[in-house]
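Numbering-wise (the numbering used here), the sequence shown opens with residue 5 and increments by one.
For every residue, glycine included, the Cβ atom is placed at its ideal position computed from N, Cα and C.
Predicted model only: the values in this text are computed from it and were never measured.
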Amino acid sequence: MTDELETYLRSTLGHASEHAPHAPAGIHGRVVARSRRRRLRLHAMVVGVAAAAIIVPLAVIRPAGSGGDVSTGTIDRERSYERNLEKRPPIGERLVTTNVSEGRPIELWFTQAAGGDVRFCTHLLSRAGGGSSFCGDEPVTGIASLEGSTASWPPPDSVLYYGASGDEVSAVAAVTARGVKTLGKIQRPAGAPRSIWTVTVPSTTEVSAFEFTDAQGKALTSVKNNRFTVPEATAKPVGKELRMSGGLTADVYEAPDKTLIWKLDGKPVGTHLVREKDLMTDLGGDKYPVDLKERDHRWFGIASARTAEVQLVFADGRTASATARRDPWGIDFRLFAGTHDRDGDIYLEGFQIVGYDAAGKEIWREPHPPQNTGG
5 MTDELETYLR STLGHASEHA PHAPAGIHGR VVARSRRRRL RLHAMVVGVA
55 AAAIIVPLAV IRPAGSGGDV STGTIDRERS YERNLEKRPP IGERLVTTNV
105 SEGRPIELWF TQAAGGDVRF CTHLLSRAGG GSSFCGDEPV TGIASLEGST
155 ASWPPPDSVL YYGASGDEVS AVAAVTARGV KTLGKIQRPA GAPRSIWTVT
205 VPSTTEVSAF EFTDAQGKAL TSVKNNRFTV PEATAKPVGK ELRMSGGLTA
255 DVYEAPDKTL IWKLDGKPVG THLVREKDLM TDLGGDKYPV DLKERDHRWF
305 GIASARTAEV QLVFADGRTA SATARRDPWG IDFRLFAGTH DRDGDIYLEG
355 FQIVGYDAAG KEIWREPHPP QNTGG
C-alpha cells in the first residue's frame, strides 16, 4: 500500500471507532464498510498485517484484479453479504459462532474459486450496526492456516482468532512467548472440505503463534501470529488533555492526521478523525452532526459546533443528557460525555441521539433502531 493511499483513506473515511475487524491473513485487497446509519458515515482503520489491508465496518471495496466486489460506499451490509454468497457460495454449511469483540454473530465458511482452489470467507456484524463480508484471495492449503481475527484498536475486551485445518488436526491452542497456552475449538461444518478452528483470548494476551496437534497430542505445525499494531497506539499528543464526565479524557494526536483519542483510566476507548478539511464529512461530501461511541456505561463523542446539549432517548422514554463542550484545540467541533444506567447492549435495545442548540432547540436527531442480529 502506498503512503498516499493510506493518507487518503485515513483522511476521507476516518477511523474505525466501533471495533473494525482485523484483516484476515492473505487478503490482498482493501475492505471497506458502510454503517447503516441514515448518512453514509464511514470509519476506517489501517490494519498492519502482511497485506496491509484496510478494514472498516461494512460494504466491500477491492482494487481491480483482487477478486472482490468494487463499491463506492453505497452497498448496504445485507446486500454486500448476499452478493458475496451469490458469487462465492459455501461448500457445505457455514459455521456461526460469537464474535466476542462485538457481542455479535460471525459466520465462517469455505468457497471454491474459479480455478478450483478453496478459499475462506467471513461475515461479521459490528455492534454499532455495521457489518462486512469478504473472502480471502489466497487458497486455503496445508495442515492449518490463520485466516483472521477480530483484533482492533482501541482494543476490545477479548479477541477471536480463526482459521482452517486439515483432517489430521485434532486440537489447537494459542501460545504466548512465555509458552502459556489457551485451547480453542475445532469444528467441521457439514459438507465442508476442511475444519474451522477458533480460539478466544483476552485482548491483553499477546499471542505469538498457534499450535496444532493430532489425536495423540503430537505437534503437527505452528502458525506465527503477527502482533497487531496501529500508529495511534504510540502517537504523541499535540494538544492539551480535556477532562470529561464519567472519568473520560480526550486529546488530539497526530496519527498521522489529527485524531481525537478518548481514554478511560488511561486506556484508549474511542477515536475520531478530526482533520479540519474533512471534519465530520462523509465520502459524498455531506456533513454529519454527531459521531457517538459507547463503552462501559459511558457514552461520548463529537458533534457539530452549534450543539450545546446532547441527549440519549431510549425506547421506554428514559433519557440521559450531556453538555457539549467547545473543543480547546481550535478545530471547531463540540465534545460530549456522560453515563447511563442501562443494562445490556444499548444498540440491541435501540435508541435515538438528539442535539440541541444553546436556546434549547432541537437541531439534529439520529435514530438507532433496535437490532435483530439473527444470532
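Measuring alpha carbon to alpha carbon, tell me which residue in I95, V203, G354 is nearest A194. I95
Neighbourhood of A319 by C-beta distance below 8 angstroms, restricted to the same chain and skipping five residues each side: E353, G354, F355, P374
Which value, in whole angstroms, describes the spacing of the CA atoms of A196 and P272? 40 angstroms
Spell out the partners DSSP gives A118 in its beta bridges. Answer by DSSP bridge pairing: none, since A118 is not bridged.
Within the same chain, show all residues whose beta-carbon is closer than 6 angstroms to that of D295, passing over the 5 residues directly before and after it, in chain order. H276, G305, I306
For the stretch 315–344, which segments carrying the beta strand (DSSP E) assignment without a break, of at least 3 residues, lie completely within its bounds, in sequence order? 323–327, 338–343
C-alpha distance - G289 paired with S212, whole-angstrom precision: 42 angstroms
Here's the rule: buried if 16 or more other CB atoms are within 10 angstroms of the residue's CB, otherwise exposed. What is K228? exposed
Among T217, T126, V256, which has the Cα closest to the Cα of L164? T126
Would you call the CB atoms of M248 and A239 closer than 8 angstroms? no
Less than 8 angstroms between the beta carbons of Y351 and G133, yes or no? yes
Simplified DSSP state of T208, which is helix, strand or coil: coil
In angstroms with no decimal places, state the Cα-to-Cα distance between E142 and R123. 7 angstroms
When the distance is taken between beta carbons, is T202 closer than 8 angstroms to Y257? no
What separation, rounded to the nearest whole angstrom, lies between the Cα atoms of R131 and I367? 26 angstroms
Identify whether P371 lies in helix, strand or coil by the three-state DSSP scheme. strand
Who are the Cβ neighbours of L187 in its own chain at under 6 angstroms, not counting the five residues just before and after it? A177
Note down the Cα distance separating T180 from S207, rounded to an integer number of angstroms. 12 angstroms
I'd like the span of the beta strand (DSSP E) that includes I265, first residue to last. 262–268
Check whether the Cβ atoms of G274 and R299 sit closer than 8 angstroms, and answer yes or no. yes
Just how far apart, CA to CA, sit E280 and K291? 12 angstroms
Every unbroken beta strand (DSSP E) within the stretch 121–171, with a cutoff of 3 residues, ordered by chain: 122–129, 135–139, 148–153, 162–169
How long is the line joining the alpha carbons of D261 and E245, rounded to whole angstroms? 17 angstroms
At the level of alpha carbons, what is the spacing between G140 and R87? 15 angstroms
Answer with yes or no whether the minimum CB distance from I200 to chain C is below 8 angstroms. The structure shown contains no chain C, having only a single protein chain.
Test item: CB-CB of Q191 and L99 under 8 angstroms: yes
Using CA coordinates, which residue listed in D336, V314, P332, G334 is at the minimum distance from A326? V314
Looking only at its chain, what residues have a beta carbon closer than 7 angstroms to the beta carbon of R330, apart from the 5 residues adjacent to it on each side? R338
Assign A237 to one of three DSSP states: helix, strand, or coil. helix
For my contact list, A341 and L252 are in at a C-beta cut-off of 8 angstroms; report their separation, rounded to the angstrom. 5 angstroms
Could you work out which residue in A117, D161, E151 is closest to T209 when comparing CA atoms only? D161
Opposite Q191 in the DSSP bridges: which residues? I200
Could you check whether A312 and A324 sit closer than 8 angstroms to each other, using their CB atoms as the reference points? no
Closest to I147 by CA distance: which of L128, D121, E215 is it? E215
Just how far apart, CA to CA, sit G364 and K297? 23 angstroms
On the DSSP bridge assignment, give the partners of I357 in chain order. L316, E370
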